[in-house]
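Please read the structure below before turning to the comments.
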Amino acid sequence: MNRSQADFQVKPHLNNPAGDETDHSVVPGPLFFRDRDWHPPAYTPGYKTSMTRAPQRALVALGSTLSEETGPAFGHSMIGDLDNNLIMNFTGDPAIGERIIMHGRVLDETGRGVPGVLVEIWQANAGGRYRHKKDGYLAPLDPNFGGCGRTLTGRDGSYEFLTVRPGAYPWPNHVNNWRPMHIHISVFGSGFGQRLITQMYFEGDPLIAKCPIVNTIGQDRAIQALVAPLDMNRAIPMDCLAYKFDIVLRGRRQSFFENRKEGL
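Just remember that my numbering sits 1225 ahead of the position in the sequence shown, which is counted from 1.
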């Protein structure tokens, strides 16, 4: 971080906690120190597969290369008209399930929207089954649902998907463990070396508190940052509900990311 970044921060206006760009002012302020306890330890026996995946030795930090930081860039020409419409983008016929809008903004640590971010999602269908050859759950596949989509954030960092709410499903961790309804999310910076992965859960799902993966996260605030609240202001009457999920890349309000504790 250079000196100008270290000495100053952009602070949202007190009357605008959402961090609208129009209310920002540059003022002297401290650095945003990373809270590494925000993320769970790699070795968590309650999550059975972590026992064999967890590193046995101290981690080594590697600096990124110039090519990782600068490219390739993702342009609007790469995004199809239905790429963010998971209900229609697999066969052109509508998928089965509860129709929802998933929307929000990708934000930096000061609450400013980050434009041009490639956001990708993948999920199980309404019955809780993925379109994957190794998914042997008893729920049927939906012939019209592929389960993945992508979009680029707008100038204000906003994104939106139309999809179906995924079903919960069992998994062979311990006896009768179930994954809550969730959507996997990947966000890219300006290149492939800048990728973060997280999951979005749904407000009110009782399985969240019972999930061994969720319970590896030690802080309740970090868990709540992964739960999308119902947003009736964005819901479409007689059509679909909406859930709002903002993704914060760094700072004290950072989203929990599976692959990189420090965010971008």
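Glycine is no exception: its CB is placed at the ideal position from the N, C-alpha and C atoms. Source: prediction; values computed, not measured.
Exposure of residue i, with buried meaning 16 or more beta-carbon neighbours within 10 Å
i, result
"N1401", "exposed"
"H1407", "buried"
"V1473", "buried"
"T1378", "buried"
"S1250", "With a pLDDT of only 42 at S1250, under 50, the local geometry of the prediction cannot be trusted, and the value read off the model is given with reservation. Counting Cβ neighbours within 10 Å, S1250 comes out exposed, since fewer than 16 surround it."
"S1480", "buried"
"D1471", "buried"
"P1340", "exposed"
"P1265", "buried"
"P1431", "exposed"
"F1482", "buried"
"Q1348", "buried"
Span of the alpha helix (DSSP H), counted from its first residue to its last, around residue i
i, result
"T1277", "1275-1278"
"I1448", "1445-1449"
Those residues which DSSP pairs with residue i across a bridge
i, result
"H1328", "E1385, K1469"
"H1409", "W1347, Q1424"
"L1432", "Its beta-bridge partners do not exist; DSSP assigns none."
"Y1394", "R1404"
First and last residue of the uninterrupted beta strand (DSSP E) at residue i
i, result
"R1404", "1402-1404"
"T1378", "Taken as a continuous stretch (DSSP letters only), T1378 belongs to no beta strand (DSSP E), as it is neither H nor E."
Cβ-Cβ separation, residue j to residue i (assumed contact under 8 Å), whole Å
i, j, result
"Q1346", "I1438", "Note that residue 1346 is Ile in the sequence shown here, rather than Gln. Contact doesn't hold; Cβ gap of about 18 Å is too wide."
"G1418", "S1289", "5 Å"
"A1279", "A1267", "4 Å"
"G1443", "D1262", "7 Å"
At least three beta-carbon pairs within less than 8 Å, the region 1451-1464 to the region 1412-1429: yes
query: Would the region 1361-1378 and the region 1322-1339 be scored as touching if the rule is three or more Cβ pairs under 8 Å?
result: yes
message: Using a Cβ distance threshold of 8 Å, determine whether the region 1384-1394 contacts the region 1305-1315, with at least three qualifying pairs required.
response: yes
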